[in-house]
Every structure is written in structure tokens, then in C-alpha cells.
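Residues -3 to 310 (my numbering) are what the sequence shown spells out, left to right.
For every residue, glycine included, the Cβ atom is placed at its ideal position computed from N, Cα and C.
If you're wondering where the values come from, they're calculated on a predicted model, not measured in any experiment.
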Amino acid sequence: MAENERTSGDMPSGDGASGDAASGDEATVAAHARSNGDGAAHRAAVVGSPVAHSKSPDLHRAGYRELGMTDWSYDRIDCAEDGFAEMVDRLPADVVGLSVTMPNKKAALAYATEVTDRARAVGAANTLVRTDTGWRADCTDVDGVTGSLRELGYDSDLRELTGSTAVLVGAGGTALAVVQALAEAGVASIAVVARDADRAAGVLELARAHDIDTLLVEFAPSTQLRALCGRAAVTVNTVPVAGVAPLVDDLAVSGRVLDVIYDPWPTPLAEAVEAQGGLVVGGLVMLLNQAFGQFEQFTGRAAPREAMADAIGL
């Protein structure tokens, strides 16, 4: 990913770069966990590397303010994957929830003492919630996708997608969450556009585990790709701006598109879709919708959605 380019996965997926919390220094870890210094009784944090650009603190803190939760705080912890388990081991008991960003999502899944079905299916966790017996792992990135589909005009229970087809561009970690969400929505077939057939294997395997028909499509402009996009109920792009550039003209014929990039925005793909009269939502919408579930799991309270959306300009 380009340095100045962000996807929705960055935040529960990545931000800043010192790696201090991964150093194994107990005082440093405690300082990260308590850095707000406000006497909060409950703490949460986004954990990744880099993590400085994360919008997760804006989202969660806005929720706390809206609900008058003055005893809650939310911080950033920069932590590399090889130090993740040690860092979590050393967190004070008042840290009750972690928004997990890259490169730590697989490490979070492995660390957890409980795992939700969807996190297990995706093979990664963007959410850790402290329990009486350890930590529960979940993947609210799936909620991020389903919420984005609703923003594209589908009904609240996504019934209109039952039996439909979709096009998915890319085969990385975000693509797995997309497949899980499309499966839960009842999508019947997915065309996966990927450069590397080996890398796409995990995405195809997950789709087939949900009895979804799959088609692997060459990552190149083609009449086949254009036709698939023209018929698809939704097209989802998980590839950065420069990478997807050769496909923009073909993808733009899709009537409804989720482009998980949020910086820069609008992307050339988003502009091309809108120019042809299609609907498009970006990665900020996905980021917002995954944060709702995290907020509710951390706090036990309904997320104040409007206030959280306002915090990131949506």
C-alpha cells in the first residue's frame, strides 16, 4: 500500500511506527495503556504498527462523549506482530477492549481464549474483548462490509442480495472479510479478480465453504470482466489505487461499488463509477460500521451512530 493511501482495514489494521509497545519493556507498555492520564475506569485502544494515523480514537471517543461516558478512554498502542502477545499479557486489567490493526490480526486470533465463528472463518480478528477467562476475538470487519452494502441502497437485512452475484477485486485479508459478509447476505456466486492464483486460494476456499459458486478472473482488462461487473449486484475493490488503475474502466460499469480505500478519496474508481451513474461508497463507511460493533462489545451500550459518523465527517 502506498504511504499516503489508506484502506478501511488500516484501522482495525494499521497506523504510527515506533514499535515501543512491542519492545517488551513493561513500563513502556503500561505508559501506552495509561497515556490519557484521566483516571478512566475503563480503557480501550487501537493496536497496530503503524498506528498514528488511525481514526479509531476519533470514533470511539466521540461515542464516549455522546453518551456521557467520562470514565472511559481510548488510546493508540504501536506494536509489531512479534511483540503482540507479550504486550497484551502486560496490559492492566482496566484495558477491556482492543481494536486490532495490521499486522496483528492473525496474532490476535491466535492469542484469544474464545473465538467467534466469523473470526475463525476469516482467519483473523480485528477485535479483542476482555472476558472473565481471557480475551474473546471477533471480526467486525464483516459488519463494516454489511453496513456498506446497506449504504449502497440494499435493505437492512440484505434480502435483495440473496441468490445474487458479486465481483471481488483482490485476495488479501480484507477480501476474506468481504467474502464472509457476502456469504451472510446470501450471495450465490463471486468472481474473484486476482493477480496470484495461489494467494486467491484462501478467498476461494472460504467462498466454497459457504456453498458459493466461484470464478477466478485474470487481473487484466477484458470483455469478460466488464460483462461480469455489468451483471453483478455489487463489486467490491480491495486493491490500492495504483494497483487497480488498469481495471477502472471495466469496474466502473458496475451499478453499485464498495471501494475500501478511504485516503485518497474520491478514488479514480469512485469518480468513474459516479460518472456512469452508479453508486459508490468508500472505506470510511466500512471503517465506521466496523467500529459500531467494537464499541458495543467493549462498552455493552448501543453505539451512538450519528455522533460517531460526525467524528469522521460522514
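query: Excluding five sequence neighbours on each side, which residues of the same chain lie with their C-beta closer than 8 Å to the C-beta of residue 21?; result: For residue 21, the predicted model reports a pLDDT of 34, less than 50, meaning its position is unreliable; a value from the coordinates is still stated below. Closer than 8 Å at Cβ, skipping near neighbours: no residue.
query: So is residue 290 buried or exposed if we call it buried at 16+ other beta carbons inside 10 Å?; result: buried
query: Three or more C-beta pairs closer than 8 Å, one from the region 122 to 135 and one from the region 200 to 214: is that the case here?; result: no
query: Using a Cβ-Cβ cut-off of 7 Å (strictly less than) and excluding sequence neighbours within five positions of residue 305, which residues of its own chain qualify?; result: 284
query: Could you check what DSSP says for residue 255 in three-state terms: helix, strand or coil?; result: strand
query: DSSP puts residue 95 in a beta bridge; with which residues?; result: 42 and 123
query: Quick one: what does DSSP say residue 200 is sitting in, helix, strand or coil?; result: helix
query: Of the choices 108, 261, 270 and 63, whose alpha-carbon is the least far from that of residue 247?; result: 270
query: Can you find at least 3 beta carbon pairs, one from the region 38 to 46 and one from the region 60 to 78, that sit closer than 8 Å?; result: yes
query: Could you have a look at residue 222 and say whether DSSP puts it in helix, strand or coil?; result: helix
query: Give every residue of the same chain whose Cβ lies closer than 7 Å to the Cβ of residue 222, excluding the five residues on either side of it in the sequence, and list them in chain order.; result: 246 and 249
query: Can you say whether residue 191 is buried or exposed, counting buried as having 16 or more other CB atoms within 10 angstroms of its CB?; result: exposed
query: Would you list, in sequence order, the uninterrupted beta strand (DSSP E) runs of no fewer than 3 residues that lie entirely inside the region 60 to 121?; result: 68 to 74 and 91 to 96
query: Hey, quick one: how far does the beta strand (DSSP E) through residue 190 stretch, first residue to last?; result: 185 to 190
query: Take residue 227 as the anchor and find which of 90, 47, 49 and 163 has the nearest alpha-carbon.; result: 163
query: What does DSSP give as the partner residues of residue 131 in its beta bridges?; result: 126
query: Is it buried or exposed for residue 272, if we count other Cβ within 10 angstroms and need 16 for buried?; result: exposed
query: Decide if residue 204 is buried, meaning its Cβ has at least 16 other Cβ atoms within 10 Å, or exposed.; result: exposed
query: With which residues is residue 165 paired in a DSSP beta bridge?; result: 189 and 233
query: Please list the terminal residues of the continuous beta strand (DSSP E) segment that includes residue 289.; result: Element bounds for residue 289: not the beta strand (DSSP E) but the alpha helix (DSSP H), 279 to 295.
query: DSSP state of residue 151, grouped into three classes?; result: coil
query: Quick one: what does DSSP say residue 265 is sitting in, helix, strand or coil?; result: helix
query: So, at 8 Å on beta carbons, what are the nonlocal neighbours of residue 157 in its own chain, with the 5 sequence-adjacent residues on each side left out?; result: 145, 150, 178, 181, 182, 183, 229 and 230
query: Kindly identify the DSSP beta-bridge partner or partners of residue 214.; result: 190
query: Please identify the residue among 286, 251 and 263 whose C-alpha is closest to the C-alpha of residue 55.; result: 286
query: Between the C-alpha atoms of residue 258 and residue 279, what's the straight-line distance to the nearest angstrom?; result: 5 Å
query: Helix, strand or coil for residue 174, going by three-state DSSP, please let me know.; result: helix
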